[in-house]
Amino acid sequence: MNQTERLYRIDQLIHQRSVVPFDELLTELEISRATLKRDIAYMRDRLNAPIVFDRDRGGYCFAPSQFGPQYGLPGLWFSDREILALLTMHRMLVDLDTGGLLGPHIQPLVARLKALMGTASDSADEIMKRVRVLPAHNRPVAPNCFEVVGHALVSRRRLEFAYFTRSRNARGLREVSPQRLVHYRNAWYLDAWCHRSDALKVFALDAVGEARLLERRAREVSLAEVDRQLGSGYGIYRGRRLAWATLHFSADAARWVRAEIWHPQQRTRDLDDGRFELRVPYGATPELEMDILRHGEHVEVVAPESLRRSVAERLARANATYR
């Protein structure tokens, strides 16, 4: 058994038997004397376990509770490798969480994990230095806004906030019933029932002004219904009335695009001339058009004609800008 299992077993044996001789612990754990001594020292020093050796009774026991650090094994234990994996995820979160939304709240957990690592804590520090995530084009959200939204989600209460609709360059007050937070392309979005428009909407959290929690209960909408109403098309503004876009990428671009997931339901095939065909469902076109334009001359919109024409018009306007 690993150290985590041994510590739990030592704790269990002493609680069950009150006093456990050293030799009995050796027999139960099937380890060396040196290993058992290290485990007991770890429980004393790292976990504040009040383990003492009672000479009169001839074994280890827990001393009566005194003032000072309290002892109790956590309900969940991790191996060193699992802790390192969690610390790696934390490092990634810190890099992605440029608005400071989540990082401060899990810092105490990180400190505890590093303490549990014991002598391997140097490895934890090293791996956290060796992992780096570079978010691009992120739109930070005010931390207090994120906390209010998160509280509303968990407590199932309504929110009221000022919202800036960029497409109309307009600001207005919204009362919503939050349903789900979505992190997409380095930005946070809220799927919510808008009580002003009486429909499900997607709100960009970076466009939310001052938000406050209301006492009114949130309107409940099943997540399946959220998916059905908001649609399953391409991008964050997914749409319900879907069309299929057929894109042909050059052989050069295909080496990269072939490895990309544009949509969970995408369909792909290699063409005889080395090009690559990608088909994706979409509802609203702006986001898809921008991703197509990102590939410039290396992609052709084959169908539908409306999307092909729209992308061609964008390219023509861009070309005119440089004349």
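Going by the numbering used here, the residue at position 66 of the sequence shown is 47; the numbering climbs one at a time, nothing skipped.
Just so you know, even glycine gets a beta-carbon here, dropped at the ideal spot from N, CA and C.
Keep in mind that this is a model prediction, so the values were computed, not measured.
Asked, Found
"Inter-residue CB distance, Ala284 and Thr227 (contact presumed, cutoff 8 Å)", "4 Å"
"Arg14 versus Leu7 - alpha carbon distance", "7 Å"
"The alpha helix (DSSP H) enclosing Ile(-5), as first and last residue numbers", "-16 to -2"
"Identity of the residue in Val282, His118, Leu296, Phe43 nearest Arg166 by Cα", "His118"
"Between the CA atoms of Pro262 and Asn125 - distance to the nearest angstrom", "36 Å"
"Between the CA atoms of Ser287 and Leu195 - distance to the nearest angstrom", "44 Å"
"Where Tyr303 sits in the DSSP three-state scheme", "coil"
"Ala284 (DSSP reduced to helix, strand or coil)", "strand"
"For Glu258, the three-state DSSP class (helix, strand or coil)", "strand"
"Residues bridged to Glu156 (per DSSP)", "Glu141"
"Among Phe43, Trp169, Gly277, Arg38, the one whose alpha carbon lies nearest that of Met24", "Phe43"
"Residue span of the beta strand (DSSP E) that contains Arg166, given as start and end", "That residue, Arg166, is in no beta strand (DSSP E); it is neither H nor E in DSSP."
"Any non-hydrogen atom of the ligand ZN closer than 7 Å to Tyr(-11) Cβ", "Annotation note on the ligand ZN: not contained in the displayed structure, which lists no ligands."
"Short Cβ contact (8 Å threshold) for Gly212 with Arg221", "yes"
"Cβ neighbour criterion (16 or more within 10 Å) applied to Phe48", "Below a pLDDT of 50, predicted positions are generally treated as unreliable, and Phe48, at 48, falls in that range; the measurement from the model is reported next regardless. Phe48 should be labelled exposed."
"Residue span of the beta strand (DSSP E) that contains Leu195, given as start and end", "189 to 198"
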